[in-house]
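First comes the structure, then the notes that go with it.
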Amino acid sequence: MSARVSVLLLRPKEDGNVGAVARIARNFGAASLGLVAPRAPLGPEARRRAMGGIALLRAAAVFPTLDEAIADADLVVGTTDLSTGRSASYLRRSVSPERFGELCQVLEGRVALLFGPEDNGLSRTELAQCDLLVHIPARREFPTLNLSHAAAIVLYALHRARSEPDAESTPAPERLELNGREKELFLRRLTELLSRTGYPLHKRRGLALLMRRVLGRSTPTEAEYRMLLGLLKSVERLTHPRGEAA
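So for the sequence shown, our numbering puts the first residue at 10; every next one is plus one.
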């Protein structure tokens with residue numbers, strides 16, 4: 010695994026939790042730590058709990074909005090304490106930490122790992138901005154984990170996925186290089202095509218979210234996105250032949 014993983018904490022309210030996450034991020038090899046609209050300044054408690062992760066804590070970037078924090082990410086991975094297996098519930102369709110680690114084994118690119126605030130997690134709007142969701146199974150009567158504990162579990166799963174290949178084995182699978190710009194271009198073009206073809210307005214947002222989740226689980230390469238974009242262009246020609254007004 011050679012993906013560069015950045016840990017993003019959205020609106021954290023306890024500076025001690027931020028420090029603990031910095032330590033865990035250092036334990037398991039995260040590249041950087043980012044804070045999105047933090048609600049508390051980083052004080053002595055954060056530094057005390059960061060321990061060996063103090064360098065990550067000091068270098069943590071602060072972003073006013075989530076859009077700015079994930080602007081350079083190729084894959085945005087959110088975490089949720091709720092999951093669903095229902096086919097129509099795309100918003101919270103998720104994978105386990107172990108499955109996330111497996112997916113990341115062959116990825117190259119920038120992965121933003123997003124954790125929501127301690128009191129209420131990620132909102133529906135924020136969940137919809139994620140390409141992939143990770144859910145940590147827990148008891149139904151109390152499924153919410155402490156922020157630093159959740160970070161430890163997910164980052165540990167990623168760390169395990171970094172294990173060295175066996176020298177006696179056949180070559181590893183081809184590395185898959187992520188490209189967030191191509192992904193967003195494809196989703197934008199798809200949304201435009203849905204509008205042009207008269208796809209029901211009330212279903213467009215759900216289909217776009219479904220496609221984001223499918224792409225998040227399958228992690229297409231830049232070349233594969235270009236082929237998908239070519240397909241959309243061919244469909245556009247059929248729906249709007251040359252010479253006709255758009």
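Positions of the beta carbon are idealized from the N, C-alpha and C atoms, including for glycine.
As the structure is a prediction and not an experimental result, all values here were calculated from the model.
Distance, Cα to Cα, residue i vs residue j?
i             : j              : result
lysine 192    : valine 143     : 20 Å
alanine 12    : aspartate 83   : 10 Å
arginine 222  : valine 104     : 11 Å
glycine 207   : glutamate 201  : 10 Å
glutamate 150 : glycine 239    : 48 Å
valine 16     : tyrosine 234   : 26 Å
leucine 19    : cysteine 139   : 13 Å
threonine 248 : arginine 205   : 8 Å
glycine 25    : arginine 190   : 35 Å
leucine 216   : arginine 119   : 25 Å
leucine 218   : lysine 212     : 10 Å
leucine 210   : leucine 196    : 16 Å
alanine 254   : methionine 220 : In this prediction, alanine 254 scores a pLDDT of 48, lower than 50, which makes its location untrustworthy; no coordinate-derived value is stated.
alanine 262   : serine 243     : Here the chain comprises residues numbered 10 to 255, so residue 262 is not present and cannot be evaluated.
arginine 102  : leucine 123    : 16 Å
alanine 232   : arginine 246   : 21 Å
leucine 145   : proline 152    : First, the amino acid is wrong: residue 145 is isoleucine here, not leucine. So the alpha carbons of these two residues sit roughly 8 Å apart.
leucine 194   : histidine 168  : 31 Å
cysteine 265  : methionine 236 : With the chain represented from 10 up to 255, any question about residue 265 goes unanswered, as that position is not in the structure.
arginine 57   : glutamate 111  : 33 Å
alanine 40    : serine 132     : 26 Å
arginine 203  : glycine 125    : First, the amino acid is wrong: residue 203 is leucine here, not arginine. Going by the C-alpha atoms only, they are around 31 Å apart.
With a 10 Å radius around its C-beta and 16 neighbouring C-beta atoms as the bar for buried, classify residue i as buried or exposed.
i              : result
proline 229    : buried
valine 14      : buried
asparagine 188 : buried
alanine 170    : buried
valine 27      : buried
alanine 121    : buried
Give me the Cβ distance between residue i and residue j, rounded to the nearest whole Å; I'm assuming they're in contact under 8 Å.
i            : j            : result
leucine 42   : alanine 69   : 4 Å
alanine 55   : leucine 100  : Going by Cβ atoms, the distance from alanine 55 to leucine 100 rounds to 32 Å, so no, they are not a contact pair.
glycine 62   : threonine 89 : Their Cβ separation, rounded to whole angstroms, is 25 Å, which puts glycine 62 and threonine 89 out of contact at 8 Å.
leucine 241  : arginine 198 : 5 Å
leucine 91   : valine 45    : That pair is no contact at about 21 Å.
arginine 226 : leucine 141  : 6 Å
Is the separation between the beta-carbon of residue i and that of residue j shorter than 8 Å?
i                 : j             : result
leucine 51        : leucine 65    : no
phenylalanine 109 : valine 85     : no
glutamate 135     : lysine 22     : no
leucine 260       : glutamate 117 : Residue 260 lies beyond the residue range present for the chain, which begins at 10 and ends at 255; the question has no answer from this structure.
alanine 256       : alanine 59    : With the chain covering only 10 through 255, there is no way to say anything about residue 256.
alanine 49        : serine 157    : no
alanine 166       : proline 73    : no
proline 47        : valine 71     : yes
Contact between the stretch 28-48 and the stretch 156-169 (3+ Cβ pairs under 8 Å): yes
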